[in-house]
Structures are given as structure tokens and as C-alpha cells.
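Just so you know, we're using my numbering here: the sequence shown kicks off at 25 and counts up by one.
The block underneath contains the structure these notes are about, expressed in C-alpha cells.
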Amino acid sequence: MDDLTIRRDASQPGPLAPEALAALVTSRLCHDLVSPLGAIGNGLELLMMSGDFAAGATSPEFALITESVEAARARLRCFRMAFGHASTDQRISLSELSALLSDVERTGRLRLRAEAEGDLPRREARLIMLALMCLETAMPWGGGVLVCRGASGWRLVAEASRTKRDPALWSWLDGSAPSRSEPGPSEVHFALLAGFAGREGRVLAWELDETGGEISF
25 MDDLTIRRDA SQPGPLAPEA LAALVTSRLC HDLVSPLGAI GNGLELLMMS GDFAAGATSP
85 EFALITESVE AARARLRCFR MAFGHASTDQ RISLSELSAL LSDVERTGRL RLRAEAEGDL
145 PRREARLIML ALMCLETAMP WGGGVLVCRG ASGWRLVAEA SRTKRDPALW SWLDGSAPSR
205 SEPGPSEVHF ALLAGFAGRE GRVLAWELDE TGGEISF
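Rendered as C-alpha cells:
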């Protein structure tokens with residue numbers, strides 16, 4: 025080797041995987057956005073308590089602003105869990121998971137129900153949120169999803185009057201397609217679900233038909 029060759033110390037960590045780097049970026053963005061959104065929400069509450077603003081607080085314009093801020097905060101909480109960083113020792117309670125599912129209901133068209141006991145690792149919650157986003161993509165007209173935990177792992181069982189099927193997109197979850205097209209920004213959760221599940225040694229299984237589907241891990 026000549027003197028210009030760059031040598032890597034074997035004891036130094038290698039580059040981060042793309043999904044891990046994306047998770048860190050998402051955590052940073054969500055962290056920086058939580059505070060200003062919270063400040064706007066607090067400001068709206070103070071306006072509602074102000075006697076000088078009593079009439080305005082009941083106006084449809086003010087209601088629209090309030091609902092929009094709460095929807096943005098709910099969506100941000102979902103993004104933080106689905107796309108953000110999760111360490112191996114972090115856990116969340118079932119009540120926290122239920123609150124996240126309520127956020128998904130509030131900002132989308134899915135009706136959600138959870139059947140589980142005890143807490144769970146944050147990394148499992150991340151997989152659940154990403155899987156929900158995949159089912160949401162397949163059910164743009166709405167539907168219901170049961171999130172349940174059994175002896176073999178988690179199952180997300182969906183029912184709808186009709187679904188939007190895209191086999192090439194869903195092939196990201198099991199690598200069944202020899203050449204998978206790059207997902208668009210609104211479909212990136214498929215690639216991330218596959219990436220995070222693979223890093224944690226989780227085997228994803230899925231099925232999708234005209235009136236529903238299922239994702240399990």
C-alpha cells in the first residue's frame with residue numbers, strides 16, 4: 025500500500041445502516057418540532073382563558089386552528105415512534121401504545137383495537153407503527169385493524185370493504201421480488217419495516233386480499 029491509502033482501524037465502528045441513520049435524523053427533527061408545536065398549543069389554551077378573546081374562542085376559525093395543531097402533534101408522536109431511534113433497553117407501557125393507536129385513528133381512517141397485556145420493547149412498538157402504516161397504505165378508504173400479541177409474536181389483522189393491492193411494494197416485507205422498485209416518500213415505511221425487522225432478527229409474514237390483510241412478526 026502507498027502512503028495515500030486510507031486505513032480503517034478494525035476496532036472502530038463501521039458506518040451506520042441507512043435505516044439506523046434515518047431513525048437518528050427523525051428523532052432529531054421530531055425533538056426540534058415538539059417544542060414549537062407545544063408552545064402554539066399552550067398559546068391557544070391561554071387565548072381560550074382570556075376574557076378579551078371569549079368570542080373568538082368559539083369561532084369556527086379558532087376551532088380549525090386548534091384541531092390542526094392537535095392533529096400535527098398526534099402525527100408527530102406517531103412519526104417519532106415509527107421512524108425514530110429506539111435503544112435496546114427502552115420499553116413502553118400498553119397505555120402508551122393505546123395512546124399511539126388513538127393518534128393513528130385521529131389522523132387517519134383506520135379503526136384500531138389492541139389486545140395485549142404488559143409492556144413491550146420500544147423497538148416492537150416501532151415495528152407495530154410501521155406495520156400499521158403499511159396497512160393504512162393498503163386501505164386508503166378506511167377499515168379496522170386488530171393489534172394483538174400471542175405466544176408466537178405480534179399480529180395485525182385488518183378488515184376493509186376493499187383494499188388497494190401492490191405486490192411489488194409489499195414484496196419489500198419478505199424480499200420475494202428479485203428487483204424491487206425504490207419506494208416513494210409516502211411508501212418508505214415498507215422499506216423501513218423490512219430493514220428494522222431484519223436488523224432485529226424478526227421474520228415478517230404478510231398476506232393481503234380484496235377485503236383485508238395481515239402482518240405478523
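Glycine is no exception: its CB is placed at the ideal position from the N, C-alpha and C atoms.
Residue range G177 to E183 is occupied by the beta strand (DSSP E) that includes G177. A check of alpha carbon separations from L118 across A218, A106, R137 and E129 identifies R137 as the nearest.
Shown here for S51: same chain residues with a beta carbon closer than 6 Å to its own, the five before and five after excluded, namely G108 and H109 in chain order.
Considered as a whole, the stretch 123-186 harbours 146-162 as its complete alpha helix (DSSP H) runs of no fewer than 4 residues, in chain order.
With respect to the C-alpha of M163, the residue from D113, L88 and T187 having the closest C-alpha is T187. By the Cβ test, the stretch 91-105 is in contact with the stretch 120-140, since at least three Cβ pairs between them sit closer than 8 Å.
Cβ-Cβ separation between L197 and A218: approximately 5 Å, consistent with a contact (criterion under 8 Å).
Ranking L124, E234 and E120 by CA distance to the CA of D190 puts E234 first.
In the DSSP assignment, the residues bridged to E238 are V181 and E231. Residue range P42 to M73 is occupied by the alpha helix (DSSP H) that includes T50. In the DSSP assignment, R115 is bridged to P145. Collapsing the DSSP output to three states places A87 in a helix.
A149 and G75 have their C-alpha atoms roughly 43 Å apart. Restricting attention to F214, G236 and L170, the CA atom closest to the CA of L125 is found in L170. Selection L40, L193, A63 and R173 evaluated against G142 yields R173 as nearest (Cα-Cα). For the 7 Å CB-CB criterion, W178 and F241 form a contact. Distance between M72 and I152, taken at the CA atoms: about 37 Å. Around the beta carbon of G236, 16 or more other beta carbons sit within 10 angstroms, so the residue counts as buried. If you compare the alpha carbons of A184, R147 and G167 with that of G225, the shortest gap goes to R147. The C-beta of A41 has fewer than 16 other C-beta atoms within 10 Å across all chains shown, which makes the residue exposed.
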